[in-house]
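Asks: Residue numbers (my numbering), protein chains in the order written: chain A, 9 to 290; chain B, 170 to 473; chain C, 2 to 263.
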């Protein structure tokens, strides 16, 4: 029996709507499951007590929150100048030859390296060779390596989308190239750059494998950059694998999901502003 | 004129002095920026270098063939074969792509062609949100909900299995493949669609016989990127795959991935054992490089 | 961005980094990092809590398995490596500077799901189950390679027979306990200190795994829990270890479910 073209279309569209529905349903179910089962555990006490360890997974997540904050700040402080500098070079200074194409290719390759390989690298270089041992600094440096290609790429795209006319106008007014870059291009690209930075913050919060290996697993409040610690994501792993406090694991997961939601909303808001700005500017 | 002002506070405070003309900064800065520009390349070289260096002892003592093709992983008795884990990683990746690619394609077509704007405004951000969710959360839900479900349906075991891992991975790579595929379809010239419709094709025929085939390269690039992500996933795998270093006997069998092997043993491994884990890392590194090179090539050809 | 904004940002960034670096350099009363065996981990945490009441020191405790403890002590990433087994001969040759302290004793219990009707197994039967691997009757739960508990288990129970790779390999005592507690036909082994009502310990050769039976030797699977340092411990590390070995420290061990020395 041959289906008419209309029937085929109806069938196909039905499948298509189903797949879209599945994608949305998965998201809703995932977030819903984590939040519904985890939210009851979240209390002021949960957020302000450190994990006590033990198999019931007693305690809360205060030290994990602090460790996560430390990791975010340290990573971003180190990453931003590197990523921005690299993007500035790629967007504004790099000639269009094969060598640069090769460098660009290496950025793409670096972006694809699995996180566990970064973990091994971080362990060999930062934990051992630089004798930083299990610490926030080791974790942050490892993450800087991991996130570098992403920030470079995002910032570069943001800078490339600044209209040529603006650069040329500045040069015509007598600016040096560096002045054009720092006073015209980068400010104009700022929304895109900030989006990139926030996305990297989001990834820092979500990463687990590199930090699992380089930060140690200490559940105590960190004392400084050289203290070991565990971030929220790593804590979820420990809770799930070592205790029966699955509700607490889900609660920590809920906190994470909320953080990511906020991050996403921020980037969406900024990129809408970026659209408006670009429309207005031209 | 604003642009003729003296250099900003930052530079004065760092460098200082009357020789600080804008031309001095300009010449100086282009060199500094070059140094920044090659950092990714430098990091890549360093990673490759360190991983290879740490792998050398194992490569010399055990040899790449015994490691890569050995079927028994038992460091206590000096057995370092990772073939079971290669199979585990590959199997999980293939099954997860088998689930994800059709779903992603459907969702991509939905977003690019079929859905009205108000639906798209909900579905697209929803899919993008999935990208940001930490892998441990996927692993956790897999462990707490999916694995027991599979155990009940399958009748035995604890549910930690290839199937559980594949489903979790499929959900994780779905958004990546969907958004790249959608962008590829949207990027096609309108004339393709309009021409087909003008010739009397239905919307579906246009999509299936004109648009999707034309966007094939972009879609493949998305799938390849998803593959890279799937092979590289670690923590979620450790949580739901059971970590058995065996050849999986079926979808309900537990297994172990290359990534999980490294994560679970790196803290404790010394000597040859540790070196073999670096070899595993090297294998992963090479594998992903090959996959991603294929993706870059596919994408470049698509642009041409 | 305006010039003044950029300068402000630079100032804030410098302050942030500066304050963090300063914070990182301050050591207060010192710090001790203990890591390794997951068997010893709850015990270290209990000791740490009491010790830091009277002593100004930051003690962080982490897991990773006994081999990670030995390795960490050797590489200097840990001040004290915790191990639930003795050092292997190869380790003694490769790491001659390491010093080992017995700090408590422990038994290894064979556990099954509470609903499982098995009461008693002989050592041979346990060995056969682990040599055969998971099947319709049993889901076999094992530990990963670096585990001291597994090392002891393989020495005493397996006695040269290889365990089947067809089992689930989990990274800690807690994970094994969790798995056994939630899987009907699971069998696993965990530290005596971890046993509670969520799992059911079986008798081995007719002997219950209890503190008394471990001490008098009738329960076969027993081991010392160890702290390992590189070279003789000094300063606050020595004070801490002395505390663990004191009467008060040993009583804490007993309260936590482990076995006092001597």
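Quick reminder that beta carbons are idealized off the backbone N, C-alpha and C, glycines included. All figures in this text were calculated on a predicted structure; none of them were measured in a lab.
1. Using the Cα positions of residue 56 of chain A and residue 74 of chain A, report the straight-line distance between them to the nearest angstrom.
2. Pick out the complete alpha helix (DSSP H) segments inside the region 204-258 of chain C, 4 residues or longer, and give them in chain order.
3. Would DSSP call residue 109 of chain A helix, strand or coil?
4. For residue 197 of chain C and residue 44 of chain C, what's the separation of their Cα atoms in angstroms?
5. Using a cut-off of 9 Å between C-beta atoms, extract the partners of residue 252 of chain A located in chain C.
6. Do residue 238 of chain B and residue 252 of chain B have their CB atoms nearer than 8 Å?
7. Mind listing the chain B neighbours of residue 220 of chain A? Cutoff is C-beta to C-beta under 8 Å, in chain order.
8. What does the Cβ neighbour count give for residue 395 of chain B, buried or exposed, with the cut at 16 atoms within 10 Å?
9. Name, in chain order, the residues that DSSP records as bridge partners for residue 243 of chain B.
10. From residue 173 of chain C to residue 232 of chain B, what does the alpha carbon distance come to, in whole angstroms?
11. Around the Cβ of residue 25 of chain C, are there at least 16 other Cβ atoms within 10 angstroms (buried) or fewer (exposed)?
12. In this structure, how does DSSP classify residue 114 of chain C when only helix, strand and coil are distinguished?
13. Once DSSP output is grouped into helix, strand and coil, what is the label at residue 41 of chain C?
14. Any Cβ of chain C within less than 8 Å of the Cβ of residue 142 of chain A?
15. Which partner residues of residue 190 of chain C appear in the DSSP bridge assignment?
16. Hey, quick one: how far does the beta strand (DSSP E) through residue 160 of chain A stretch, first residue to last?
17. State buried or exposed for residue 55 of chain C, treating a residue as buried only when at least 16 other CB atoms are found within 10 Å of its CB.
18. I think residue 164 of chain C touches residue 86 of chain C, with their Cβ atoms under 8 Å apart; what is that distance to the nearest whole Å?
19. Answer with yes or no whether the minimum CB distance from residue 63 of chain C to chain A is below 8 Å.
20. Determine which residues share a DSSP beta bridge with residue 411 of chain B and list them.
21. Give the list of continuous alpha helix (DSSP H) stretches no shorter than 4 residues that lie fully inside the region 232-260 of chain A.
22. Kindly identify the DSSP beta-bridge partner or partners of residue 100 of chain C.
23. Quick one, which of B:426, B:342, B:411 and B:219 has its alpha-carbon nearest residue 296 of chain B's?
24. For residue 357 of chain B and residue 253 of chain A, I'd like the C-alpha separation in whole angstroms.
25. Is there a C-beta anywhere in chain A that falls below 8 Å from the one on residue 32 of chain C?
26. Please decide whether residue 98 of chain A counts as near chain F, where near means a Cβ-Cβ distance under 8 Å.
27. How many angstroms separate the CA atom of residue 313 of chain B from the CA atom of residue 42 of chain C?
28. Could you compute how far the alpha carbon of residue 339 of chain B sits from the alpha carbon of residue 33 of chain A?
29. Just the chain C side, please: which residues come within less than 9 Å of residue 135 of chain A by C-beta, in chain order?
30. Can you tell me where the beta strand (DSSP E) with residue 313 of chain B in it begins and where it stops?
31. Just reading off the beta strand (DSSP E) that residue 60 of chain C is part of, what are its end residues?
32. Find out if the Cβ-Cβ distance for the pair residue 428 of chain B, residue 458 of chain B is shorter than 8 Å.
33. Identify, in the order they occur along the chain, each residue of the same chain with its Cβ nearer than 8 Å to the Cβ of residue 237 of chain C, setting aside the five sequence neighbours on each side.
34. From this set, A:174, A:207, A:181 and A:202, which residue's C-alpha is nearest residue 192 of chain A's C-alpha?
35. The beta strand (DSSP E) with residue 82 of chain C in it runs from where to where?
36. Quick one: list the residues of chain A neighbouring residue 292 of chain B, beta-carbon separation under 8 Å, in chain order.
Replies: The short version:
1. Straight-line spacing of the CA atoms in residue 56 of chain A and residue 74 of chain A works out to 10 Å.
2. Note on the region 204-258 of chain C: whole alpha helix (DSSP H) runs with a minimum of 4 residues are 212-217, 236-246 and 248-256, in chain order.
3. In the structure shown, residue 109 of chain A sits in a helix (DSSP, three-state: H, G or I).
4. Looking at the two C-alpha atoms, the distance is approximately 16 Å.
5. Residues of chain C passing the Cβ test: 175, 178, 179, 182, 183 and 199.
6. Yes; because the gap between Cβ atoms is below 8 Å, this pair is in contact.
7. Within 8 Å Cβ-Cβ: 404 and 432.
8. Buried: at least 16 other Cβ atoms inside 10 Å.
9. Looking at the DSSP output, residue 243 of chain B shares a beta bridge with B:248.
10. Their Cα atoms are separated by approximately 31 Å.
11. Because the pLDDT at residue 25 of chain C is just 46, under 50, the model does not fix this residue reliably, and the value given afterwards should be weighed accordingly. Burial state of residue 25 of chain C is buried, judged by a 10 Å Cβ sphere holding 16 or more other Cβ atoms.
12. Residue 114 of chain C sits in coil when the DSSP states are folded into three classes, being neither helix nor strand.
13. In the structure shown, residue 41 of chain C adopts coil according to DSSP, grouped into three states.
14. It does: the Cβ of residue 142 of chain A has a partner Cβ on chain C nearer than 8 Å.
15. Answer is C:111.
16. Residue 160 of chain A -> not in any beta strand (DSSP E); alpha helix (DSSP H) instead, spanning 144-168.
17. Per the 10 Å Cβ criterion, exposed.
18. With 8 Å as the limit, residue 164 of chain C and residue 86 of chain C do not qualify as a contact, their Cβ atoms being about 16 Å apart.
19. Interface residue, yes.
20. The partner list for residue 411 of chain B (beta bridge, DSSP) reads B:424.
21. The DSSP assignment places 240-250 as complete runs of the alpha helix (DSSP H) inside the region 232-260 of chain A, in order along the chain (cut-off: 4 residues).
22. According to DSSP, which records beta bridges pairwise, residue 100 of chain C is partnered with C:230.
23. The shortest C-alpha separation from residue 296 of chain B is found at B:342.
24. Cα-Cα distance, rounded: 51 Å.
25. By this cut-off, residue 32 of chain C is an interface position.
26. Annotation note: the requested chain F is absent from the structure, which comprises protein chains A, B and C.
27. Spanning the alpha carbons of residue 313 of chain B and residue 42 of chain C requires a straight line of approximately 25 Å.
28. A straight line joining the alpha-carbon of residue 339 of chain B with that of residue 33 of chain A spans about 14 Å.
29. Simply 76 and 78.
30. Note, residue 313 of chain B: premise wrong, no beta strand (DSSP E); not H, not E.
31. It spans 59-65 - the beta strand (DSSP E) in which residue 60 of chain C sits, taken as one unbroken run.
32. The answer is no: Cβ separation not under 8 Å.
33. Within the same chain, residue 237 of chain C has close Cβ partners 30, 31, 33, 56 and 58.
34. Of the candidates A:174, A:207, A:181 and A:202, the one whose C-alpha sits nearest the C-alpha of residue 192 of chain A is A:174.
35. Counting along the chain, residue 82 of chain C sits inside the beta strand (DSSP E) bounded by residues 81-84.
36. 28, 31 and 32, listed in chain order.
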